[in-house]
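Contents: one structure, followed by commentary.
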Amino acid sequence: MHFVILGSGRVGSSVAVTLDKMGHSVAVIDRESAALRKLPKSFSGQRVKGIGFDRDTMTKAGIEKAYAFAAVSNGDNTNILAARIARETFGVKRVVARIYDPRRAEAYERLGIPTVGTVRWSSGMILHKVLPDESQSVYSDPQLGVTLMRCQPHAAWYGKPIRLVEESTNARLAYINRFGKALLAQPALEVQENDELFLATLESDVDKIRHILSHEPVDESAEEI
Numbered sequence: 007m008h009f010v011i012l013g014s015g016r017v018g019s020s021v022a023v024t025l026d027k028m029g030h031s032v033a034v035i036d037r038e039s040a041a042l043r044k045l046p047k048s049f050s051g052q053r054v055k056g057i058g059f060d061r062d063t064m065t066k067a068g069i070e071k072a073y074a075f076a077a078v079s080n081g082d083n084t085n086i087l088a089a090r091i092a093r094e095t096f097g098v099k100r101v102v103a104r105i106y107d108p109r110r111a112e113a114y115e116r117l118g119i120p121t122v123g124t125v126r127w128s129s130g131m132i133l134h135k136v137l138p139d140e141s142q143s144v145y146s147d148p149q150l151g152v153t154l155m156r157c158q159p160h161a162a163w164y165g166k167p168i169r170l171v172e173e174s175t176n177a178r179l180a181y182i183n184r185f186g187k188a189l190l191a192q193p194a195l196e197v198q199e200n201d202e203l204f205l206a207t208l209e210s211d212v213d214k215i216r217h218i219l220s221h222e223p224v225d226e227s228a229e230e231i
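Numbering (our numbering), first residue to last: 7 to 231.
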């Protein structure tokens, strides 16, 4: 898969190098040649000098074939503008923007663009947003054999009730991260686009749940009718 990263600072270079080592095709955009030269010699991806939200620059970086785009430059305005162009002009479905101002992050989330703001966790969170597997364990208790896993379900789950999630996975939904705010599980809640579901389950069921939520749901009660 091809990934385009805007910003060759600490976070951008870390994400780019990790994706490159995983065998993916990667292009890094930065307006400063010096920043691009800081990428390690072992990096086999493309280095593109230019303005991150310039369409010609993005095209040179292969945005038209990109599986995902991550905007992690030092400017909020640059990041969000580039992310919107990647999604709205070039049709990239997976985009993420790093935002320093937490007051603006929720507004951008409502535009359908996931944001990451905490610097310490930026590299890991950016990778979490752009890679295909959207599930991971955020807490585990090996002695009890339980884990709290974070999942972003398949689009076919949007509009489905929380009840169906729990019945299908045999897990307990602890809470939902929606636009950066935690919502405690309620029977009336429905899954929405960009929701992150936090499920409490047995460690032995993690792979099964990952498979279920990455595919279209099966409503057994509807089948019986």
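For each residue, glycine too, the CB sits at the ideal point set by N, CA and C.
Keep in mind it's a predicted model, so treat the numbers as computed, not measured.
Asked	Found
Can you give the beta carbon distance from H8 to A72, rounded, assuming they're within the 8 Å contact cut?	5 Å
Name the DSSP beta bridge partners of A74, please?	F9 and R100
Straight-line CA distance for G68 to R53?	11 Å
Could you name the residues that DSSP lists as bridge partners for Q52?	A33
Alpha carbons only, please: which of P148, D36, T175 and L42 is nearest the one belonging to T84?	D36
Taking its Cβ as the centre, do 16 or more other Cβ atoms sit within 10 Å of S14, making it buried, or is it exposed?	buried
Classify M64 as buried or exposed, calling it buried when 16 or more other Cβ atoms lie within 10 Å of its own Cβ.	buried
Would A88 pass as a contact of L154 if the rule is Cβ separation under 9 Å?	no
Going by DSSP, what residue range makes up the beta strand (DSSP E) through K47?	Unbroken run through K47: none, as it is neither H nor E.
What residues match up with F204 in a beta bridge as DSSP calls it?	R156 and Y181
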